[in-house]
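Numbering (our numbering) for the sequence shown: 2 to 134.
All C-beta atoms, glycine included, are put in the ideal place defined by N, C-alpha and C.
Nothing here was measured: the structure is a model prediction, and the numbers come from that model.
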Amino acid sequence: AGLDWDVEGRDIFTDNGIKIEGYKANTRVTDDAILGIVSNRYSIVQNRDAFSFTDSLIGNGAVYETAGSLRGGKQVWMLAKTDQMKILGDDVDPYICFTNSHDGMGAVKCIMTPVRVVCNNTLSFALSSTRRS
């Protein structure tokens, strides 16, 4: 999914070299792309750690279906499909969706959803329609 990169919080300086206290630039290490400006309270969750966390949730029978990034890596997601179930006589494919925002605009979230996330629209719909996260 192209998510094999790390994020590093780097100090920010004014044009005259004065450090801006209380803030960091979240930067993708592989290409120095700035993903967002965050406060010092922001904790970076690396993509590999997100996969490890999701691995511990899915257990047996679940497989990764899709994963990707949006807005140049500012937001990432991974989707695992679990065993199909019947709800009111219909077959439903439940998914576990993990999403993280490296730009500080959203929290780490893990949701159960029937939506197969493949793009920003489906991710937005899955997040807005879930009742538990």
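Is it the case that the Cβ atoms of residue 1 and residue 28 are separated by a distance below 7 Å?
Given a span of 2 to 134 for the chain in the structure shown, any question on residue 1 remains unanswerable.
Determine the direct distance from the alpha carbon of residue 98 to that of residue 54, and round the result to whole angstroms.
Translated into the one-based positions of the sequence shown, residue 54 becomes position 53. Translated into the one-based positions of the sequence shown, residue 98 becomes position 97. Roughly 12 Å separates the two Cα atoms.
Would you be able to state if there are at least three C-beta pairs under 8 Å between the region 101-115 and the region 68-82?
yes
For residue 47, I'd like the list of residues in its chain whose CB is within less than 7 Å of its CB, leaving aside the five on either flank, ordered along the chain.
Taking the first residue of the sequence shown as position 1, residue 47 is located at position 46. Hits under 7 Å: 7 and 8.
What residue from 5, 133 and 14 has the CA that sits closest to residue 51's CA?
To locate residue 51, count along the sequence shown from 1; it is residue 50. The shortest C-alpha separation from residue 51 is found at 5.
According to DSSP, residues forming a beta bridge with residue 111
The count along the sequence shown starts at 1 and reaches residue 111 at position 110. DSSP output for residue 111 lists 99 as bridge partner(s).
Please state whether DSSP places residue 28 in a helix, a strand or coil.
Sequence index remark: in the sequence shown, residue 28 carries index 27 (1-based). It is a strand residue.
Proximal residues to residue 131 (C-beta, below 6 Å), its chain only, five neighbours per side dropped
Working through the sequence shown from its first residue, we reach residue 131 at position 130. Closer than 6 Å at the Cβ level, and outside the excluded window around residue 131, lie 112 and 114.
What residue does the beta strand (DSSP E) around residue 70 start on, and which one ends it?
Along the sequence shown, one-based indexing puts residue 70 at 69. 64-71 is the span of the beta strand (DSSP E), which, as asked, contains residue 70.
Are there 16 or more other CB atoms within 10 angstroms of the CB of residue 89, so buried, or fewer, so exposed?
Position 88 of the sequence shown, counted from the start, is the residue given in the question as residue 89. Residue 89 should be labelled exposed.
DSSP bridge partner residues for residue 76 (one or two, in chain order)
Taking the first residue of the sequence shown as 1, we reach residue 76 at position 75. Looking at the DSSP assignment, residue 76 forms a beta bridge with 71 and 102.
Among 80, 41 and 42, which residue has its Cα nearest to the Cα of residue 58?
Locating residue 58 in the sequence shown gives position 57, counting from the first residue. Cα-wise, what sits closest to residue 58 is 80.
If you run the structure through DSSP and keep just helix, strand and coil, what is residue 81?
For this step, residue 81 is matched to residue 80 along the sequence shown. Residue 81: strand per DSSP, three-state reduction.
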